[in-house]
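Asker:
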Amino acid sequence: MKTFTSILSLQTYISEQRTKGFKVGFVPTMGALHAGHISLINESKRNNDITVCSIFINPTQFNNKQDFEKYPITLDSDSQKLLNAGCEVLFAPSVAEMYPNGTAYHLKWEIGELDTCWDGAHRPGHFKGMIQVVSLLLQIVQPDNLYMGLKDLQQFSIVKKFLHETKSSIKLIGCETLREPDGLAMSSRNVRIIPEHKPMARLISVSTYEAIYRIKYLQEPIDTTLQKMRNRFTDKPFHLEYFEMVQLETMRAVKEYRSDTSYAIIIACWLGDVRLIDNMIF
Ligand code: AMP
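Counting in numbering that gives the first Met the number 0, the sequence shown runs without a single skipped number right up to 281 at its last residue.
As structure tokens, this is what we get:
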């Protein structure tokens with residue numbers, strides 16, 4: 000595996016590979032890699048000649064300074080995991096390399112209403128920072144295929160809209176969420192859940208799944224189901240931000256279920272001082 004910290008040397012290497020007719024797959028991450036990230040690498044490896052993984056903890060997408068400061072940094076073990084997975088290229092730039100002229104938001108493209116609902120409302124500025132760094136990384140790597148997790152559904156929807164509206168030729172592939180044996184969606188933040196809270200975390204996936212069962216199979220009214228599920232998160236150490244059913248394409252809340260439409264149950268909650276998100280598509 001080749002590791003680059005400089006944009007220029009990465010680009011030189013990638014363009015050499017392109018002259019051989021190689022297809023490039025790209026997996027952007029913030030490191031602290033787990034099996035969920037590696038599943039994206041595996042998916043890219045199946046369909047590309049070269050897989051590039053970036054590890055960059057992007058300061059502009061953290062609306063909470065503490066979250067940024069506490070974000071795990073495990074570059075050596077990440078590098079080993081990528082090597083074991085057969086990833087060809089690791090790009091791990093510094094903040095100065097990525098933002099030589101400062102981190103002010105520069106992208107002309109407007110996210111629109113996806114910037115103000117759900118995580119957009121609870122983490123102001125997060126998606127602007129995310130799309131800023133994703134667009135920069137895409138300009139640098141210029142992949143054929145881009146692999147992102149459906150776990151971050153709103154992020155995925157925004158990147159999809161961005162690629163569509165900017166008429167990009169990059170193909171976006173949404174990858175399934177990998178879960179712990181108890182159902183908790185894998186996340187780099189899970190290591191911060193204290194042992195005492197860990198057994199409670201399964202309530203997130205259990206309730207999400209149960210909501211689908213009640214709405215889709217028992218045909219229970221959506222409002223009733225959502226309220227029942229929300230009531231499970233009223234006590235500490237939980238603090239619920241949202242538990243909603245949305246239409247998959249628009250991420251707008253819905254009041255009625257139709258069997259010919261795709262939906263997702265989406266949830267964000269705090270467990271102690273760790274913010275967790277999850278969703279299930281149906
Ligand atoms: P992050 O490092 O958290 O920014 O995540 C990098 C990529 O991995 C994003 O596209 C995430 O959606 C994806 N990802 C994170 N957790 C999982 C998971 N449990 N299963 C599959 N993909 C994931």
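Idealized CB from N, CA, C, for every residue including glycine. Note that this is a predicted model, so its numbers are computed, not measured.
So ASN41 and ALA91 are in contact, right, with Cβ under 8 Å, and what is the actual spacing, rounded?
Answerer: Along the sequence shown, read from residue 1 onward, the residue named residue 41 stands at position 42. Along the sequence shown, read from residue 1 onward, the residue named residue 91 stands at position 92. Rounded, the Cβ-Cβ distance is 20 Å, inconsistent with contact.
Asker: Say yes only if the C-beta of CYS86 is nearer than 7 Å to one or more non-hydrogen atoms of ligand 1, and no if none qualify.
Answerer: The count along the sequence shown starts at 1 and reaches residue 86 at position 87. CYS86: no, Cβ never under 7 Å from ligand 1.
Asker: Would you check whether ligand 1 has a heavy atom nearer than 7 Å to the C-beta of THR73?
Answerer: Numbered from 1 along the sequence shown, position 74 holds the residue referred to as residue 73. Not under cutoff, so the answer is no.
Asker: Look at the alpha carbon of MET0 and the alpha carbon of SER43, and state the distance between them as a whole number of angstroms.
Answerer: As a working note, residue 0 is residue 1 in the sequence shown. As a working note, residue 43 is residue 44 in the sequence shown. About 15 Å.
Asker: Quick check on the DSSP output: the alpha helix (DSSP H) that includes GLU164 runs from which residue to which?
Answerer: Counting from 1 along the sequence shown, the entry for residue 164 is found at position 165. It spans 152 to 164 - the alpha helix (DSSP H) in which GLU164 sits, taken as one unbroken run.
Asker: Between LEU177 and ligand 1, is the CB less than 7 Å from at least one heavy atom?
Answerer: Indexing the sequence shown from 1 puts residue 177 at position 178. Yes, the beta carbon of LEU177 sits closer than 7 Å to at least one heavy atom of ligand 1.
Asker: Using a Cβ-based criterion (distance less than 7 Å to any ligand heavy atom), does ASP277 qualify as near ligand 1?
Answerer: As a first step, residue 277 is located in the sequence shown; it is residue number 278 there, counting from the start. Checking the Cβ of ASP277 against ligand 1 gives no.
Asker: Less than 8 Å between the beta carbons of GLY173 and LEU149, yes or no?
Answerer: Within the sequence shown, residue 173 is the residue found at index 174, counting from 1. Within the sequence shown, residue 149 is the residue found at index 150, counting from 1. The answer is yes: Cβ separation under 8 Å.
Asker: Taking the C-alpha atoms as reference points, what is the distance between LEU183 and ARG231?
Answerer: Along the sequence shown, one-based indexing puts residue 183 at 184. Along the sequence shown, one-based indexing puts residue 231 at 232. Roughly 16 Å separates the two Cα atoms.
Asker: Could you have a look at GLY35 and say whether DSSP puts it in helix, strand or coil?
Answerer: The sequence position of residue 35 within the sequence shown is 36, counting from 1. GLY35 falls in the helix class under three-state DSSP.
Asker: Just the C-alpha distance for LEU239 and PRO99, rounded to the nearest angstrom, thanks.
Answerer: Numbered from 1 along the sequence shown, position 240 holds the residue referred to as residue 239. Numbered from 1 along the sequence shown, position 100 holds the residue referred to as residue 99. Whole-angstrom Cα-Cα distance: 38 Å.
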